[in-house]
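Visitor:
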Amino acid sequence: MTDKPEAIQEGIYLLKGQGKGSHNYLIRAAYRNVLIDSGLDQNFLHLEKQLISLGLKVKDVDVVINTHEHVDHIGSNRYFQESALIAAHRFAATKITLEDHYVTLYRSGDRNEVPLRIHLWLENRSLFDLGSHTLEVIHTPGHTSGSICIYEFKTKIVFSGDTVFAGGTLSYIAESGSVGDYINSITRLEARKISMIFPGHGEICRNPEQDLSQAIVNAKKLLQGEEAVSASL
Ligand SMILES: [Zn+2]
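Be aware that the sequence shown starts at 26, since it is given in our numbering, and climbs by one per residue.
1) Below 8 Å on the Cβ atoms is my guess for alanine 117 versus glycine 171; work out the distance and round it to an integer in Å.
2) For histidine 114, which beta-bridge partners are listed by DSSP?
3) Taking DSSP's pairing of strands, which residues face glycine 186 in a bridge?
4) List the DSSP bridge partners of aspartate 154.
5) Confirm the yes/no value for this check: CB of threonine 169, any heavy atom of ligand 1, distance under 8 Å.
6) On a CA-only basis, which of Asn209, Arg142 and Asp236 is nearest serine 220? Give me that one, please.
7) Sorry if obvious, but does the Cβ on serine 185 come closer than 8 Å to a heavy atom of ligand 1?
8) Using only alpha-carbon positions, find the residue among Ile121, His71 and Gly36 that is nearest to glycine 42.
9) Can you round the beta-carbon distance between tyrosine 323 and tyrosine 38 to whole angstroms, since I take them to be within the 8 Å contact cut?
10) If you run the structure through DSSP and keep just helix, strand and coil, what is arginine 217?
11) Any chance the region 162–170 sits against the region 201–220, with 3 or more Cβ pairs inside 8 Å?
12) Kindly identify the DSSP beta-bridge partner or partners of alanine 32.
13) Closer than 8 Å to a non-hydrogen atom of ligand 1 - does that hold for the CB of serine 157?
14) Hey, out of His95, Arg53, Ile90 and Phe105, whose CA is closest to glutamate 73's CA?
15) Ordered along the chain, which non-local residues of its own chain (more than five positions away) have a Cβ less than 7 Å from that of alanine 240?
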């Protein structure tokens with residue numbers, strides 16, 4: 026069964042991931058079509074169907090931005106990398122292109138594994154001017170060192186990958202992550218005007234202020250060795 030893409034803002038669609046796969050967000054902008062995260066390899070057909078229902082083919086996606094280097098967000102990159110530019114923060118790009126599978130957890134399952142490519146190595150405050158939409162990269166290390174959030178100027182929405190979830194639930198702090206970095210990253214996000222947060226899994230954050238401050242509370246508990254609310258992602 027195919028989940029229908031959900032129009033969440035003008036020109037922005039939520040393409041829900043199945044199982045442990047991340048959600049994908051499609052931005053149909055004036056100049057280009059951008060996909061945020063490609064999701065799990067085994068969800069690719071599902072993703073393709075969702076794109077088709079919007080009248081798009083895989084090759085109509087111009088840019089794929091990975092929010093970080095984990096397999097459930099990069100797994101379908103290989104279906105896009107011949108026709109689209111793939112972008113990720115340089116700390117994520119290093120791990121993906123050097124095939125650091127211990128960290129990315131990536132396995133294509135193919136005997137002849139296709140090397141993943143990252144065409145655009147992003148920095149904090151890199152910007153995509155798409156005409157109708159402007160996407161700013163905010164480097165938000167914590168969950169991993171290469172995690173980014175993407176801020177859209179006009180709508181003031183944030184695509185948060187595994188950095189912020191509804192209710193401030195924490196994802197686990199992965200091998201290259203840091204709880205201290207996480208708290209700093211969330212604090213920097215708090216300085217922004219944010220209307221809504223679209224995370225890589227679960228529900229949309231409709232109370233960003235509340236969710237961000239709860240995320241900091243949860244992370245501080247982790248620092249102090251107390252058990253915090255933690256998602257198994
Ligand atoms: Zn992750």
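Beta carbons: idealized from backbone N, C-alpha and C, even for Gly.
Guide: Judging by the given coordinates:
1) The beta carbons of alanine 117 and glycine 171 sit about 3 Å from each other, so the pair counts as a contact at 8 Å.
2) Paired residues: Leu147.
3) Pro224, per the DSSP bridge assignment.
4) Assignment of beta-bridge partners to aspartate 154 by DSSP yields Thr159.
5) Inclusion of threonine 169 in the 8 Å shell around ligand 1 follows from its C-beta lying nearer than that to a non-hydrogen atom of the ligand.
6) Nearest C-alpha to serine 220: Asp236.
7) Shortest gap from the CB of serine 185 to any heavy atom of ligand 1: 8 Å or more.
8) Residue His71 is the option with its Cα nearest to glycine 42.
9) The displayed coordinates of the chain run from 26 to 258. Any statement about residue 323 would go beyond what the structure contains.
10) Assignment of arginine 217 by DSSP, reduced to helix, strand and coil, places it in the coil class.
11) Counting Cβ pairs under 8 Å, three or more are found: they touch.
12) Under DSSP, alanine 32 forms a beta bridge with Tyr38.
13) Checking every heavy atom of ligand 1 against the Cβ of serine 157, none is found closer than 8 Å.
14) Measuring from the Cα of glutamate 73, the nearest candidate turns out to be Phe105.
15) Close CB contacts of alanine 240 within its chain, under the 7 Å cut and outside five residues either way in sequence, are with Val189, Gly193, Leu195 and Ile211 (chain order).
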